[in-house]
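Residue numbers (our numbering): 88 to 596.
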């Protein structure tokens with residue numbers, strides 16, 4: 088084999104990859120912490136720390152297997168902080184004769200590596216990451232000729248193809264989807280269980296990142312870093328989820344509460360998105376655990392979790408590769424309002440938004456309903472520019488990588504794609520937020536009021552959204568009822584005026 092340089096990106100920490108099965112003295116692996124990656128958007132400090140620490144742990148594992156590896160830290164003098172410059176410099180310095188890489192999951196890196204390879208005067212090769220259940224183009228082929236990509240049909244195909252929760256050709260318990268049973272508010276805090284947190288002291292790494300001049304958002308406790316940053320720790324979190332949280336996951340996965348930020352969620356998305364764990368091993372572990380504990384754990388808990396991984400996660404990745412780069416420019420409603428400053432501080436009188444944003448700034452985490460039906464719901468109702476929304480979501484969450492972030496924001500959350508991901512916009516008034524938990528009971532605004540002093544902004548903004556977008560939405564068969572209700576309202580103009588007032592003073596909400 089020719090003397091080869093193999094690139095490992097920061098979200099390709101898959102120790103089970105076939106690359107590492109056998110040692111080859113002609114192969115050198117390369118990992119890099121770069122300002123190119125820390126600076127293209129302002130990231131949460133816990134996200135940068137998490138990626139760097141996980142990368143360093145992975146490098147130790149690769150070396151322990153006997154492989155040669157070059158690792159460039161953010162503070163290394165020879166680090167040119169740019170993927171192309173570093174790779175070209177190392178190829179020249181070490182006389183490498185070939186270059187190989189695993190296919191990136193972000194379009195911008197995919198294009199950058201293709202351009203780099205075209206400029207290199209040596210053989211190059213790309214290989215699959217061996218992580219996802221589907222290849223990049225599977226979903227596009229699966230929905231060939233369809234305008235809307237219906238996730239449920241894709242999800243059922245995944246169940247069949249990988250024999251997950253199947254009884255022969257039929258779904259276990261004779262039902263594909265238990266979503267109707269997964270929407271309860273949490274009424275009893277005694278059900279809560281502590282999450283598996285890894286309290287590592289990473290002060291040295293935080294200082295190193297700050298000394299390098301990396302600009303970040305959010306907060307961090309240097310001596311008590313909570314996220315898994317190795318495969319071993321990730322497996323511990325998976326075990327903890329199965330043993331302590333799975334029993335109530337499905338029932339309360341949509342709950343909103345001030346009692347606990349994590350509820351029964353697994354906290355595995357960072358471990359999976361960096362590929363320390365594979366989706367199939369997570370799903371099989373959960374399925375096997377349920378099979379051994381069926382007397383204690385209802386099928387709705389398990390199916391709800393598995394649907395998020397082999398349904399939504401794989402589906403969103405397929406959407407990304409089917410629709411990029413155009414997807415990043417989509418703005419169906421033409422929204423252009425600036426994101427309010429309080430999205431960066433959490434200082435708003437709306438308790439649901441204050442709770443969700445402050446939690447995100449403190450923990451680099453919010454669960455899917457906080458993201459979709461609180462922050463995302465407000466952004467859509469207020470007409471925020473999708474470009475600003477992408478920047479915020481991509482930066483603030485530890486699990487946010489563009490392939491999964493942008494499809495959820497421009498697609499599912501903002502309907503900026505015009506209906507590729509969802510059949511209608513995910514919007515609601517205060518009623519939904521009140522129903523899902525206790526945020527409204529701690530709020531300065533009244534969820535029962537549409538107009539007047541103290542009226543919840545969600546109520547008037549909800550109807551304002553439908554009114555101003557009538558030409559784009561009225562013919563949608565899933566929305567007709569909303570317009571019939573709007574047209575019958577005796578105080579319609581008063582409600583719309585209330586919304587205009589809130590939008591004019593959006594920084595003061």
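Glycine included, each C-beta is placed from N, C-alpha and C at the ideal position.
Thinking residue 402 and residue 226 are a contact (beta carbons under 8 Å), I'd like their distance in whole angstroms, please. 7 Å
From the DSSP output, in three-state form, read off residue 396 for me. Here residue 396 carries a helix assignment [DSSP, helix/strand/coil].
Cβ neighbours of residue 523 in the same chain (closer than 7 Å, five flanking residues each side left out): Within its own chain, the residues whose Cβ lies closer than 7 Å to the Cβ of residue 523, once the five positions on either side in sequence are excluded, are 272, 341, 342, 343 and 456, listed in chain order.
Would you tell me roughly how many angstroms separate the C-alpha atoms of residue 407 and residue 145, rounded to the nearest one? 27 Å
Strand pairing of residue 244, partner residues [DSSP]: For residue 244, which the question treats as bridged, DSSP gives no partner whatsoever.
C-alpha distance - residue 166 paired with residue 114, whole-angstrom precision: If I take the Cα positions, the gap works out to 21 Å.
Where the alpha helix (DSSP H) through residue 569 begins and ends: 567-575
Taking Cβ to Cβ, would you say residue 181 is nearer than 8 Å to residue 482? no
Could you tell me whether the Cβ atoms of residue 104 and residue 217 are closer together than 8 Å? yes
Assuming residue 197 contacts residue 362 under a Cβ cut-off of 8 Å, what Cβ separation, rounded to an integer in Å, is found between them? About 16 Å separates the two Cβ atoms, so there is no contact after all.
Starting from residue 409, trace the alpha helix (DSSP H) in both directions and tell me its first and last residue. 401-410
In the DSSP assignment, the alpha helix (DSSP H) including residue 301 goes from what residue to what residue? That residue, residue 301, is in no alpha helix (DSSP H); it is neither H nor E in DSSP.
What is the DSSP secondary structure of residue 229, reduced to helix, strand or coil? Judged by DSSP in its simplified three-state form, residue 229 adopts helix.
What residue does the alpha helix (DSSP H) around residue 186 start on, and which one ends it? Note, residue 186: premise wrong, no alpha helix (DSSP H); beta strand (DSSP E) at 185-189.
Output the boundary residues of the beta strand (DSSP E) element that contains residue 155. Going by DSSP, residue 155 is part of the beta strand (DSSP E) stretching over 155-159.
Start and end residues, alpha helix (DSSP H) containing residue 177: 170-181
Rounding to the nearest angstrom, what Cα-Cα distance links residue 420 and residue 559 in this structure? 8 Å
So, helix, strand or coil for residue 466, using DSSP? helix
Output the distance between the C-alpha atoms of residue 106 and residue 211, rounded to the nearest integer angstrom. 15 Å
DSSP beta-bridge partners of residue 258: 253
So, at 6 Å on beta carbons, what are the nonlocal neighbours of residue 545 in its own chain, with the 5 sequence-adjacent residues on each side left out? 516 and 517
Would you identify the three-state DSSP class for residue 119, choosing helix, strand or coil? strand
contact_flag[the segment 548-557, the segment 567-581] where n(CB pairs < 8 Å) is 3 or more: yes
For residue 94 and residue 336, I'd like the C-alpha separation in whole angstroms. Separation of residue 94 and residue 336 (C-alpha to C-alpha, rounded to the nearest whole angstrom) is 38 Å.
Counted within 10 angstroms of its Cβ, other Cβ atoms place residue 479 as buried (16 or more) or exposed: buried
Should residue 124 be labelled buried (16 or more other beta-carbon atoms within 10 Å of its own) or exposed? buried
What's the C-alpha gap between residue 540 and residue 469? The alpha-carbon separation between residue 540 and residue 469 amounts to approximately 19 Å.
Helix, strand or coil at residue 494 [DSSP, three-state]: helix
Evaluate residue 191 with the Cβ neighbour count: other Cβ atoms within 10 Å of its Cβ, from every protein chain shown; 16 or more gives buried, anything less gives exposed. buried
Helix, strand or coil at residue 513 [DSSP, three-state]: coil
Tell me where the beta strand (DSSP E) around residue 602 begins and ends. With the chain running from 88 to 596 in the structure shown, residue 602 is simply not present.
What would DSSP say about residue 524, mapped onto helix, strand or coil? strand
Hey, quick one: how far does the alpha helix (DSSP H) through residue 447 stretch, first residue to last? 438-450
Ordered along the chain, which non-local residues of its own chain (more than five positions away) have a Cβ less than 6 Å from that of residue 463? 500
If we ignore side chains and look at the alpha-carbon of each, how far apart do residue 255 and residue 588 end up? 58 Å
Determine the direct distance from the alpha carbon of residue 158 to that of residue 232, and round the result to whole angstroms. Approximately 45 Å between the Cα atoms of the pair.
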